[in-house]
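In case it helps, UniProt numbering puts the sequence shown at residues 1 to 265. Idealized CB from N, CA, C, for every residue including glycine. As the structure is a computational prediction, the values presented were derived from the model and not from experiment.
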Amino acid sequence: MPPAKKRVQRLRRYDSAKTRAAVLAQFGHVRNAVRTLPPEAFDKPTRLGEWTVRELVAHVSWMVDCVPRLLGRPEPARQEVALLDWPFVTAGTAEWIDERTRQVDASDPAALMDRTGQAYEAAVAVAADERLIPLGFGAMTLADFLVTRTVELVVHTDDLSAATGVEIPYDRQALAACTRLLADALAAKAPGGAVEVRIPPYAVVQCVEGPRHTRGTPPNVVETDPMTWIRLATGRAVWAAERDAARVSASGERAGLEGLLPLMS
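So this is what it looks like as C-alpha coordinates:
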(Lines of atoms letter the chains of each structure in order from A and count residues from 1; the text may use other names and numbers.)
(Lines give C-alpha, C1' and ligand atoms only; values in the text may rest on other atoms or scores of the structure.)
Protein backbone atom coordinates (compact mmCIF):
# COMPACT_ATOMS: atom_id res chain seq x y z
CA MET A 1 0.00 0.00 0.00
CA PRO A 2 1.43 3.44 -0.88
CA PRO A 3 2.32 5.66 2.09
CA ALA A 4 -0.62 7.60 3.50
CA LYS A 5 1.19 10.92 3.08
CA LYS A 6 1.46 10.45 -0.68
CA ARG A 7 -2.22 9.64 -0.94
CA VAL A 8 -3.18 12.81 0.95
CA GLN A 9 -0.97 14.91 -1.35
CA ARG A 10 -2.67 13.48 -4.43
CA LEU A 11 -6.17 14.03 -3.12
CA ARG A 12 -8.43 16.17 -5.27
CA ARG A 13 -11.12 18.39 -3.77
CA TYR A 14 -14.75 17.29 -3.74
CA ASP A 15 -17.67 19.65 -3.31
CA SER A 16 -19.27 18.29 -0.15
CA ALA A 17 -22.71 19.77 -0.80
CA LYS A 18 -22.78 18.12 -4.22
CA THR A 19 -21.56 14.84 -2.77
CA ARG A 20 -24.27 14.81 -0.13
CA ALA A 21 -26.91 15.43 -2.79
CA ALA A 22 -25.34 12.85 -5.12
CA VAL A 23 -25.57 10.09 -2.53
CA LEU A 24 -29.24 10.85 -1.98
CA ALA A 25 -29.94 11.11 -5.72
CA GLN A 26 -28.24 7.83 -6.62
CA PHE A 27 -29.89 6.05 -3.71
CA GLY A 28 -33.18 7.45 -4.97
CA HIS A 29 -32.58 5.96 -8.41
CA VAL A 30 -31.96 2.55 -6.84
CA ARG A 31 -34.99 2.91 -4.58
CA ASN A 32 -37.21 3.73 -7.56
CA ALA A 33 -35.93 0.68 -9.43
CA VAL A 34 -36.55 -1.58 -6.43
CA ARG A 35 -40.16 -0.38 -6.27
CA THR A 36 -40.73 -1.65 -9.82
CA LEU A 37 -39.45 -5.18 -9.17
CA PRO A 38 -41.97 -8.02 -8.85
CA PRO A 39 -41.66 -10.20 -5.71
CA GLU A 40 -39.98 -13.06 -7.58
CA ALA A 41 -37.17 -10.77 -8.77
CA PHE A 42 -35.69 -10.60 -5.29
CA ASP A 43 -34.80 -14.29 -5.42
CA LYS A 44 -32.75 -13.93 -8.61
CA PRO A 45 -28.99 -14.52 -8.42
CA THR A 46 -26.44 -11.73 -8.79
CA ARG A 47 -22.81 -11.73 -9.87
CA LEU A 48 -21.81 -11.30 -6.21
CA GLY A 49 -21.29 -14.87 -5.08
CA GLU A 50 -24.28 -16.33 -3.27
CA TRP A 51 -26.12 -13.05 -2.90
CA THR A 52 -29.56 -12.81 -4.42
CA VAL A 53 -31.12 -9.51 -5.44
CA ARG A 54 -32.61 -9.31 -1.93
CA GLU A 55 -29.15 -9.43 -0.31
CA LEU A 56 -27.86 -6.90 -2.81
CA VAL A 57 -30.69 -4.49 -1.99
CA ALA A 58 -30.04 -5.05 1.72
CA HIS A 59 -26.38 -4.23 1.19
CA VAL A 60 -27.11 -1.04 -0.73
CA SER A 61 -29.45 0.07 2.01
CA TRP A 62 -26.91 -0.71 4.73
CA MET A 63 -24.15 1.18 2.87
CA VAL A 64 -26.26 4.34 3.12
CA ASP A 65 -27.91 3.63 6.47
CA CYS A 66 -24.48 3.36 8.09
CA VAL A 67 -24.11 7.13 7.67
CA PRO A 68 -26.83 8.10 10.21
CA ARG A 69 -25.94 5.11 12.40
CA LEU A 70 -22.27 6.09 12.62
CA LEU A 71 -23.14 9.74 13.14
CA GLY A 72 -25.11 8.61 16.18
CA ARG A 73 -22.00 7.17 17.82
CA PRO A 74 -19.43 9.14 19.86
CA GLU A 75 -17.02 11.10 17.69
CA PRO A 76 -13.43 9.77 17.59
CA ALA A 77 -10.64 11.96 18.89
CA ARG A 78 -8.70 12.23 15.63
CA GLN A 79 -8.78 11.36 11.96
CA GLU A 80 -6.94 8.13 11.14
CA VAL A 81 -7.91 7.38 7.53
CA ALA A 82 -7.69 9.70 4.51
CA LEU A 83 -10.01 9.33 1.55
CA LEU A 84 -7.36 7.68 -0.62
CA ASP A 85 -6.68 5.13 2.11
CA TRP A 86 -10.21 3.78 1.81
CA PRO A 87 -9.91 1.71 -1.40
CA PHE A 88 -6.96 -0.13 0.14
CA VAL A 89 -7.95 -0.55 3.80
CA THR A 90 -11.26 -2.17 2.87
CA ALA A 91 -9.44 -5.21 1.45
CA GLY A 92 -10.10 -8.35 3.46
CA THR A 93 -13.49 -7.27 4.81
CA ALA A 94 -15.63 -9.35 2.43
CA GLU A 95 -16.54 -12.00 5.00
CA TRP A 96 -17.58 -9.43 7.59
CA ILE A 97 -19.56 -7.47 4.98
CA ASP A 98 -21.39 -10.63 3.92
CA GLU A 99 -22.27 -11.46 7.52
CA ARG A 100 -23.46 -7.94 8.29
CA THR A 101 -25.51 -7.72 5.09
CA ARG A 102 -27.37 -10.93 5.93
CA GLN A 103 -28.43 -9.40 9.24
CA VAL A 104 -30.40 -6.63 7.48
CA ASP A 105 -34.14 -7.26 7.42
CA ALA A 106 -35.01 -6.94 3.74
CA SER A 107 -38.34 -8.74 3.89
CA ASP A 108 -39.95 -5.53 2.58
CA PRO A 109 -37.21 -4.03 0.37
CA ALA A 110 -39.15 -0.91 -0.65
CA ALA A 111 -40.00 0.00 2.95
CA LEU A 112 -36.39 -0.64 3.99
CA MET A 113 -35.10 1.76 1.38
CA ASP A 114 -37.69 4.40 2.25
CA ARG A 115 -36.58 4.34 5.90
CA THR A 116 -32.93 4.47 4.89
CA GLY A 117 -33.36 7.46 2.60
CA GLN A 118 -35.25 9.40 5.24
CA ALA A 119 -32.68 8.64 7.95
CA TYR A 120 -29.77 9.63 5.70
CA GLU A 121 -31.34 12.91 4.65
CA ALA A 122 -32.14 13.91 8.22
CA ALA A 123 -28.70 12.99 9.57
CA VAL A 124 -26.53 14.75 7.00
CA ALA A 125 -28.66 17.90 7.12
CA VAL A 126 -27.22 18.76 10.54
CA ALA A 127 -23.73 17.18 10.42
CA ALA A 128 -20.56 19.13 9.62
CA ASP A 129 -18.15 18.01 6.92
CA GLU A 130 -15.36 17.69 9.49
CA ARG A 131 -17.40 15.44 11.79
CA LEU A 132 -15.37 12.25 12.32
CA ILE A 133 -16.97 8.89 11.56
CA PRO A 134 -15.86 5.85 13.62
CA LEU A 135 -15.02 2.95 11.30
CA GLY A 136 -13.46 -0.42 12.04
CA PHE A 137 -10.27 0.49 10.20
CA GLY A 138 -10.01 4.07 11.53
CA ALA A 139 -11.86 7.37 11.71
CA MET A 140 -12.71 9.37 8.57
CA THR A 141 -14.33 12.74 8.10
CA LEU A 142 -17.97 12.73 7.04
CA ALA A 143 -17.08 14.57 3.82
CA ASP A 144 -14.60 11.83 2.85
CA PHE A 145 -16.91 9.01 3.90
CA LEU A 146 -19.70 10.34 1.71
CA VAL A 147 -17.41 10.18 -1.34
CA THR A 148 -16.92 6.48 -0.60
CA ARG A 149 -20.70 6.08 -0.56
CA THR A 150 -20.83 7.23 -4.19
CA VAL A 151 -18.51 4.33 -5.06
CA GLU A 152 -20.68 1.83 -3.22
CA LEU A 153 -23.85 3.17 -4.84
CA VAL A 154 -22.59 3.41 -8.40
CA VAL A 155 -20.92 -0.01 -8.33
CA HIS A 156 -23.96 -1.73 -6.84
CA THR A 157 -26.36 0.11 -9.13
CA ASP A 158 -24.49 -1.60 -11.95
CA ASP A 159 -24.71 -4.95 -10.11
CA LEU A 160 -28.46 -4.52 -9.65
CA SER A 161 -29.02 -3.61 -13.29
CA ALA A 162 -27.03 -6.66 -14.38
CA ALA A 163 -29.08 -8.96 -12.12
CA THR A 164 -32.54 -7.62 -12.93
CA GLY A 165 -32.26 -6.25 -16.46
CA VAL A 166 -33.65 -2.93 -15.21
CA GLU A 167 -31.89 0.13 -16.59
CA ILE A 168 -31.14 2.35 -13.60
CA PRO A 169 -29.90 5.90 -14.24
CA TYR A 170 -26.71 7.32 -12.76
CA ASP A 171 -26.55 10.67 -11.05
CA ARG A 172 -23.84 12.63 -12.85
CA GLN A 173 -22.16 13.85 -9.67
CA ALA A 174 -22.17 10.38 -8.10
CA LEU A 175 -20.66 8.86 -11.24
CA ALA A 176 -18.03 11.61 -11.39
CA ALA A 177 -16.99 11.20 -7.75
CA CYS A 178 -16.80 7.43 -8.05
CA THR A 179 -14.72 7.62 -11.25
CA ARG A 180 -12.32 10.19 -9.81
CA LEU A 181 -11.71 8.40 -6.54
CA LEU A 182 -10.90 5.12 -8.29
CA ALA A 183 -8.66 6.92 -10.79
CA ASP A 184 -6.79 8.62 -7.95
CA ALA A 185 -6.47 5.25 -6.24
CA LEU A 186 -4.71 3.89 -9.33
CA ALA A 187 -2.30 6.83 -9.28
CA ALA A 188 -1.64 6.19 -5.60
CA LYS A 189 -1.09 2.46 -6.12
CA ALA A 190 1.34 2.98 -9.00
CA PRO A 191 2.79 6.50 -8.63
CA GLY A 192 4.65 7.94 -11.59
CA GLY A 193 4.17 9.71 -14.87
CA ALA A 194 4.83 7.14 -17.57
CA VAL A 195 1.17 6.36 -18.39
CA GLU A 196 -1.72 8.77 -18.77
CA VAL A 197 -5.15 7.32 -17.99
CA ARG A 198 -8.09 9.22 -19.44
CA ILE A 199 -11.67 8.61 -18.36
CA PRO A 200 -13.64 11.38 -20.04
CA PRO A 201 -15.37 13.50 -19.03
CA TYR A 202 -14.44 13.00 -15.37
CA ALA A 203 -10.79 12.13 -14.79
CA VAL A 204 -7.24 12.16 -16.12
CA VAL A 205 -4.36 10.79 -14.03
CA GLN A 206 -0.75 9.88 -14.61
CA CYS A 207 0.69 6.73 -13.08
CA VAL A 208 3.42 4.05 -13.32
CA GLU A 209 7.09 4.77 -12.73
CA GLY A 210 9.05 6.08 -15.70
CA PRO A 211 9.62 9.28 -17.66
CA ARG A 212 7.00 11.88 -16.76
CA HIS A 213 4.99 13.36 -19.61
CA THR A 214 4.91 17.17 -19.62
CA ARG A 215 3.46 18.30 -22.94
CA GLY A 216 2.31 17.07 -26.32
CA THR A 217 0.89 13.59 -26.88
CA PRO A 218 1.94 11.18 -24.11
CA PRO A 219 3.79 8.05 -25.30
CA ASN A 220 1.57 5.74 -23.20
CA VAL A 221 -2.15 6.44 -23.05
CA VAL A 222 -5.12 4.46 -21.74
CA GLU A 223 -8.63 5.70 -22.41
CA THR A 224 -12.01 4.27 -21.50
CA ASP A 225 -15.50 5.31 -20.43
CA PRO A 226 -16.49 5.75 -16.77
CA MET A 227 -18.50 2.54 -16.32
CA THR A 228 -15.88 0.36 -18.01
CA TRP A 229 -13.25 1.93 -15.76
CA ILE A 230 -15.34 1.33 -12.64
CA ARG A 231 -15.93 -2.31 -13.60
CA LEU A 232 -12.21 -2.82 -14.20
CA ALA A 233 -11.26 -1.11 -10.94
CA THR A 234 -13.68 -3.22 -8.90
CA GLY A 235 -13.15 -6.59 -10.58
CA ARG A 236 -16.41 -6.65 -12.53
CA ALA A 237 -14.53 -6.68 -15.84
CA VAL A 238 -11.23 -8.07 -17.12
CA TRP A 239 -8.65 -5.91 -18.88
CA ALA A 240 -8.01 -8.23 -21.84
CA ALA A 241 -11.70 -8.73 -22.58
CA GLU A 242 -12.50 -5.02 -22.41
CA ARG A 243 -9.57 -4.18 -24.66
CA ASP A 244 -10.56 -6.86 -27.16
CA ALA A 245 -14.09 -5.43 -27.18
CA ALA A 246 -12.66 -1.94 -27.87
CA ARG A 247 -14.09 -0.55 -24.65
CA VAL A 248 -10.50 0.25 -23.63
CA SER A 249 -7.88 1.78 -25.90
CA ALA A 250 -4.24 1.47 -24.87
CA SER A 251 -1.34 2.87 -26.88
CA GLY A 252 2.31 2.60 -26.00
CA GLU A 253 4.43 -0.28 -24.76
CA ARG A 254 3.80 0.56 -21.10
CA ALA A 255 0.05 1.18 -21.37
CA GLY A 256 -1.09 -2.22 -20.08
CA LEU A 257 -2.75 -1.92 -16.66
CA GLU A 258 -3.73 -5.57 -16.20
CA GLY A 259 -1.16 -6.07 -13.45
CA LEU A 260 -2.61 -3.20 -11.40
CA LEU A 261 -6.28 -4.13 -11.62
CA PRO A 262 -8.61 -4.59 -9.89
CA LEU A 263 -8.02 -1.95 -7.25
CA MET A 264 -10.98 -3.22 -5.21
CA SER A 265 -12.80 -6.53 -5.43
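Judged by beta-carbon spacing, residue 62 lies beyond the 8 Å limit of residue 20, meaning their Cβ atoms are not closer than that value. With respect to the C-alpha of residue 154, the residue from 24, 55 and 68 having the closest C-alpha is 24. Residue range 221–224 is occupied by the beta strand (DSSP E) that includes residue 223.
Rounded to whole angstroms, residue 190 and residue 207 show a C-alpha spacing of 6 Å.
For residue 230, the closest C-alpha among the options 44, 184 and 94 is that of 184. DSSP places residue 26 in the uninterrupted alpha helix (DSSP H) bounded by 16–36.
Approximately 4 Å separates the beta-carbon atoms of residue 104 and residue 58; this is inside 8 Å, confirming the contact. In the structure shown, residue 168 falls within a coil segment according to DSSP collapsed to helix, strand and coil. Around the beta carbon of residue 87, 16 or more other beta carbons sit within 10 angstroms, so the residue counts as buried.
Distance from residue 44 to residue 173 at the Cβ level is roughly 30 Å; contact not present, criterion being Cβ atoms closer than 8 Å. Under the three-state reduction of DSSP, residue 187 is assigned to helix. Closest in C-alpha terms to residue 77, from the list 164, 256 and 139, comes 139.
Taking C-beta atoms as the reference points, residue 168 and residue 33 count as a pair closer than 8 Å. Ranked by Cα distance from residue 83, the first of 102, 204 and 181 is 181. Looking at the DSSP output, residue 250 bridges to 222.
Counting every other CB atom within 10 Å of its CB across the protein chains shown gives residue 128 a total below 16, marking it as exposed.
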